[in-house]
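Let me begin by presenting the structure, written as structure tokens, before commenting on it.
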Amino acid sequence: MNNKFKYASISFAIACQLYSNNISATGVPDGFEDHFKLQDTFVKFRNLDGSFSEPVPVLSSFQTLKIDENNQDSLDKIEKYLNDNNIKADYHQQIISVLIQGIEDKSQCIGKIENCEIFPETFEIVQNYNDQEVYLFVSPSILELYNSNKNRRYHEPKSNSNGLINSFDLYVSTYHERDSVVSLNDEVTLGLPYGYLRSDFNLTNSENGSELYEAAYHLDVDAYAFKAGHFEYDPTVNSTDYLNNTARLSQNSVTFATSEKLLVGGKNSNKVLSFYVPSSGLVQVFRGERIIYQANVPEGQNSISYSELPSGRYEARVEVSNNGQVVNTQTFQVYNSTNDTLTEGSVDYALSAGLFAESYYDYEDSGVTEIKDDAYGRGLINYQVLPSLQLGAGALVTDTGNMYSLGANYYLLNTGMVLEGVHSQFDDAAHSNVNLGLPWFNVSYESLDNDKGDPVASHMYGYIDYSRWSVNSSYNFGQGRSIYAIYTRSDETLLNNQIGGGGLERETNLVSVGYSAPAILDSRLNLNFDYSDVDESKNISVLWTIPLSDSMDAIASISSDTDTLNQLRTSVRKSNLLDSDSVNTALEVGNTYNRDLEDMYQDATLSADGYNDYARMNALAYVSSQDSTRGINAGLSSTQIVTTEGVHITKDRSEAYTLVNIQDIRNTENNEEIIEKGYLTLARDGKTNSKFIVYDDDQIVPLRSYHEYDANFDSQSVNLYNSGESKKKVYTHPGTVSYLSPKISRVVSFVSAFNNISDEPITDVQCEGIGCLEVNELADGVYRVTVLEGLDFELTSEQNECLLPYEFTSTTQLNFGQNYCLPIADGNEVQQIEIDEELFSAIFLGSYEESEQLNDSVKKLKSLGYRVIQKDIGSLKAVYIAHKASNMADMLASHEKEIETIKLLAKRLYKTNSISYPVAKVN
6 MNNKFKYASI
16 SFAIACQLYS
26 NNISATGVPD
36 GFEDHFKLQD
46 TFVKFRNLDG
56 SFSEPVPVLS
66 SFQTLKIDEN
76 NQDSLDKIEK
86 YLNDNNIKAD
96 YHQQIISVLI
106 QGIEDKSQCI
116 GKIENCEIFP
126 ETFEIVQNYN
136 DQEVYLFVSP
146 SILELYNSNK
156 NRRYHEPKSN
166 SNGLINSFDL
176 YVSTYHERDS
186 VVSLNDEVTL
196 GLPYGYLRSD
206 FNLTNSENGS
216 ELYEAAYHLD
226 VDAYAFKAGH
236 FEYDPTVNST
246 DYLNNTARLS
256 QNSVTFATSE
266 KLLVGGKNSN
276 KVLSFYVPSS
286 GLVQVFRGER
296 IIYQANVPEG
306 QNSISYSELP
316 SGRYEARVEV
326 SNNGQVVNTQ
336 TFQVYNSTND
346 TLTEGSVDYA
356 LSAGLFAESY
366 YDYEDSGVTE
376 IKDDAYGRGL
386 INYQVLPSLQ
396 LGAGALVTDT
406 GNMYSLGANY
416 YLLNTGMVLE
426 GVHSQFDDAA
436 HSNVNLGLPW
446 FNVSYESLDN
456 DKGDPVASHM
466 YGYIDYSRWS
476 VNSSYNFGQG
486 RSIYAIYTRS
496 DETLLNNQIG
506 GGGLERETNL
516 VSVGYSAPAI
526 LDSRLNLNFD
536 YSDVDESKNI
546 SVLWTIPLSD
556 SMDAIASISS
566 DTDTLNQLRT
576 SVRKSNLLDS
586 DSVNTALEVG
596 NTYNRDLEDM
606 YQDATLSADG
616 YNDYARMNAL
626 AYVSSQDSTR
636 GINAGLSSTQ
646 IVTTEGVHIT
656 KDRSEAYTLV
666 NIQDIRNTEN
676 NEEIIEKGYL
686 TLARDGKTNS
696 KFIVYDDDQI
706 VPLRSYHEYD
716 ANFDSQSVNL
726 YNSGESKKKV
736 YTHPGTVSYL
746 SPKISRVVSF
756 VSAFNNISDE
766 PITDVQCEGI
776 GCLEVNELAD
786 GVYRVTVLEG
796 LDFELTSEQN
806 ECLLPYEFTS
816 TTQLNFGQNY
826 CLPIADGNEV
836 QQIEIDEELF
846 SAIFLGSYEE
856 SEQLNDSVKK
866 LKSLGYRVIQ
876 KDIGSLKAVY
886 IAHKASNMAD
896 MLASHEKEIE
906 TIKLLAKRLY
916 KTNSISYPVA
926 KVN
């Protein structure tokens, strides 16, 4: 029967193709009349990004699609669909009106309809009848496009889905004859409808003591940010942050600043490449000779948002082509990094006021004026002079002293050079910081002149004079060869207790140079030279790692000063002690000879790094024969998400999440596990970010803050039906926890023929219940029924119940054969039934197994004057007694004993109202 149905479907498709163009002239193909009648059904509208909407109730036939203007559910879902696809509000009613009037097939698509392309002046709607899909084709003119600086839009500050997110890192260190150290870092983010609360602290038993780093309220509204609370460091707000320099300004403050965090499209979406197109054509953006962006563009002025371009700083060439000919070329300097949030000519600012908290630096006995709890006010401003140049300034004012700052940030695109500098002038001190960066070379310089003990400078940098240089360089030669060099110089004056009384001067120079390269036998050789003038030490070391197998290495190292060899070490390391993808283990056993100590000792190190769904862990155990040293270091990191729905634990740290909570809505009696639940596609700011198969009922997906996410759960790809949520759009703030709740079940279909009690074909079968999807008549009395596996459904025809044998509750069959739609009533209710055009009064006795006892009872009922009617329900028989007499109720009363006796033989389970297909399991 399955093959017959397949052939029938192919025949129907061919017939529809042949007759669709002249249907009014030739009539509807025989046998397919119902396909040309409007019927209630559900379709999915294809989004402009190729995904699909939630099912929408419509009226559909092979040639027509329309919606019922009185069906508010349809209207609401269409309105949501248009909003989700950024259709201009002016066109919403026009599109809905067209759907209410009805869409007629115009045969605009040739070949596979799902691959059809139409370029309308405004919009066109095409129905894919066979796949129950609807495609909306639009012109860019009816879309809301916001890609220019003039049309900035901001996401709503309100967050509708929130939770408490707690992330901790626990570290434990314990060694023989040393104090054990326990340290806990904990960050808590509590999402609120407006803004969020955040705390960050460390608890430890070490000498440094515990510390509260942040306890504050944060709020973003449109282009502004508000922060209030305790901050151990200056809070991050906008492009003025570089003016804060390296200061550690512990504070209890309130800050108001500009911010582009809520900008629609993400950071830098307010920056565009604008160009003119004389006639519609193609635009391509090149980075070097590589195409990084391509799109069709209409004539006139156009622009490309920076959010459409790769991040980084580079030169971009824009080419506009028409009919294959380049008609316009422009070159742009693109500044599209995380810090490049300002457009040319625009300004960021930050205003704050508060009280100084306790300083990180200890200068209590220095004679410097303590400014803890003193009030202060501060302002910072940063101006984007050129795409490559920012200039900034700031001022901090207190009763005990002031600070004024000037800064600049410059990027030379051709060389990749970054130059950043800030100078801060206090009443009695000065601080400067300069950083120069090249792709392979970096220089930094910092100095503090504070010999007079300026209160503000001492609070922010400590009571000290210093100048510090750092030069570092690294270069990769290719083929596994690389070199690095580091030089640092520090000149410090540790000031004494009397201001201006001099102090202890200390000068240090450190040099480190290293080279790494492959060697014979697939080994690797590392050469290093280190020098420090603190103790005039020089050290040359050679490290040689030789692989013995895929999981075992031999390691040899020597180190010496410039004159003698002072240490030799050999060791063997075995990796992957456990056969596990989630735990990396290694054991290293070594022997060390120390010439300076004239000592030889052995040691062993066992390490493990791993994770599960709930946490990340690491541990290292060390034991040495030298002084019987032994100890353990361990770490554990985890995040807990608390909402009104429950508590969730994950190894993945983030400030926002979406939780996919999948419900298998089949009956609990069905214990077959669905392995692959569906595909989850995640788009961030309109671009597909990730796609993966969901295997677990609960999937925790970390998200970045201040981005718009579209989550789409696709169960059809794994042959499942989703009657719950399939899409969720959310804009993430810190503390956002969004739920996506699909309800899945397998879709199963079977074919059955149904006759009535007179053995005549049934002309109409309806399906009722949560398990119903659709019923299609294939031939007279033959139906294809599609239901959700394990969910209740009931088939009826007029006043009769269409019975499916109970043994089909769990089956591998697709053809259920001949069955009956019969009048079923509880108790001894008398029903009027028609048999062979004669009217009888009858009652339903029940369903019975074939047995001698049943046969004797049937004979007994016949002897009492009843007509006994039996119909097969699988291996059982549905039994009726009927009579033409008008006093049927009196007859039943006089034979009550005999009737009740036969009813005792009836089976309770004789029909199925849900179906499971073990053969349908997805592997």
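Position one of the sequence shown corresponds to residue 6 (my numbering), numbered consecutively onward.
Each residue gets a CB set at the ideal place from its N, CA and C atoms; glycine is no exception.
All values reported here derive from a predicted model rather than from experimental measurement.
Check whether the Cβ atoms of residue i and residue j sit closer than 8 Å, and answer yes or no.
{"i": "Lys696", "j": "Ser728", "result": "no"}
{"i": "Thr260", "j": "Ser364", "result": "no"}
{"i": "Ser580", "j": "Ser556", "result": "yes"}
{"i": "Lys908", "j": "Leu850", "result": "yes"}
{"i": "Met422", "j": "Gly397", "result": "no"}
{"i": "Lys232", "j": "Ala220", "result": "no"}
{"i": "Lys682", "j": "Ile667", "result": "yes"}
{"i": "Pro828", "j": "Ile840", "result": "no"}
{"i": "Leu314", "j": "Val331", "result": "no"}
{"i": "Val4", "j": "Gly406", "result": "Because the chain spans 6 through 928 in this model, residue 4 falls outside it and cannot be assessed."}
{"i": "Pro162", "j": "Asp225", "result": "yes"}
{"i": "Leu267", "j": "Tyr700", "result": "no"}
{"i": "Ile469", "j": "Leu500", "result": "yes"}
{"i": "Val373", "j": "Gly458", "result": "yes"}
Let me confirm a value: residue i is counted as buried when at least 16 other C-beta atoms fall within 10 Å, else exposed. Which label applies?
{"i": "Val352", "result": "exposed"}
{"i": "Val924", "result": "For Val924, the pLDDT reaches just 36, beneath the cut-off of 50, and the residue's location in the model is therefore unreliable, leaving the point undetermined."}
{"i": "Ser542", "result": "exposed"}
{"i": "Leu391", "result": "exposed"}
{"i": "Lys916", "result": "buried"}
{"i": "His653", "result": "buried"}
{"i": "Leu800", "result": "buried"}
{"i": "Lys882", "result": "buried"}
{"i": "Ile920", "result": "buried"}
{"i": "Val547", "result": "exposed"}
{"i": "Glu660", "result": "buried"}
{"i": "Ala758", "result": "buried"}
{"i": "Lys902", "result": "exposed"}
{"i": "Ala300", "result": "exposed"}
{"i": "His436", "result": "buried"}
{"i": "Ala830", "result": "exposed"}
{"i": "Pro460", "result": "buried"}
{"i": "Asn892", "result": "exposed"}
{"i": "Gln395", "result": "buried"}
{"i": "Ala847", "result": "buried"}
{"i": "His738", "result": "buried"}
{"i": "Leu509", "result": "exposed"}
List the residues that DSSP assigns as beta-bridge partners of residue i.
{"i": "Cys772", "result": "Leu800"}
{"i": "Gly382", "result": "Ala358 and Val402"}
{"i": "Ala413", "result": "Leu396 and Gly426"}
{"i": "Ser537", "result": "Leu515 and Ser542"}
{"i": "Trp474", "result": "Tyr450 and Arg494"}
{"i": "Ala624", "result": "Ala613 and Ala639"}
{"i": "Cys777", "result": "Val792"}
{"i": "Tyr726", "result": "Ser750"}
{"i": "Lys916", "result": "Pro810"}
{"i": "Lys929", "result": "In this structure the chain extends from 6 to 928, so residue 929 is not present and cannot be described."}
{"i": "Ser696", "result": "The identity of residue 696 in the sequence shown is Lys, whereas the question assumes Ser. DSSP lists Thr686 as partners of Lys696."}
{"i": "Met465", "result": "Note: Met465 sits in no beta bridge, so no partner."}
Whole-angstrom Cβ separation of residue i and residue j, contact assumed at under 8 Å?
{"i": "Asn91", "j": "Thr741", "result": "Not quite, the Cβ-Cβ distance comes to about 22 Å (not below 8 Å), so this is no contact."}
{"i": "Ile762", "j": "Lys876", "result": "7 Å"}
{"i": "Glu265", "j": "Gln289", "result": "Their Cβ separation, rounded to whole angstroms, is 28 Å, which puts Glu265 and Gln289 out of contact at 8 Å."}
{"i": "Leu347", "j": "Ser244", "result": "6 Å"}
{"i": "Ser185", "j": "Tyr176", "result": "That belief does not hold up - the Cβ atoms of Ser185 and Tyr176 are roughly 11 Å apart, past 8 Å."}
Closer than 8 Å, CB to CB, is residue i near chain D or not?
{"i": "Ile886", "result": "No chain D is present in this structure, which holds just one protein chain."}
Inside the stretch 845-913 only - beta strand (DSSP E) runs reaching at least 3 residues: 872-878 and 881-888
Which parts of the stretch 107-160 are runs of the alpha helix (DSSP H), unbroken and 4 residues or longer, counting only runs that do not cross its ends? Every candidate alpha helix (DSSP H) stretch fails here, since none sits fully inside the stretch 107-160 while reaching 4 residues.
Report the start-end ranges of each beta strand (DSSP E) in the stretch 166-223 that is 3 residues or longer and not cut off at the edges. 169-180, 186-196 and 201-209
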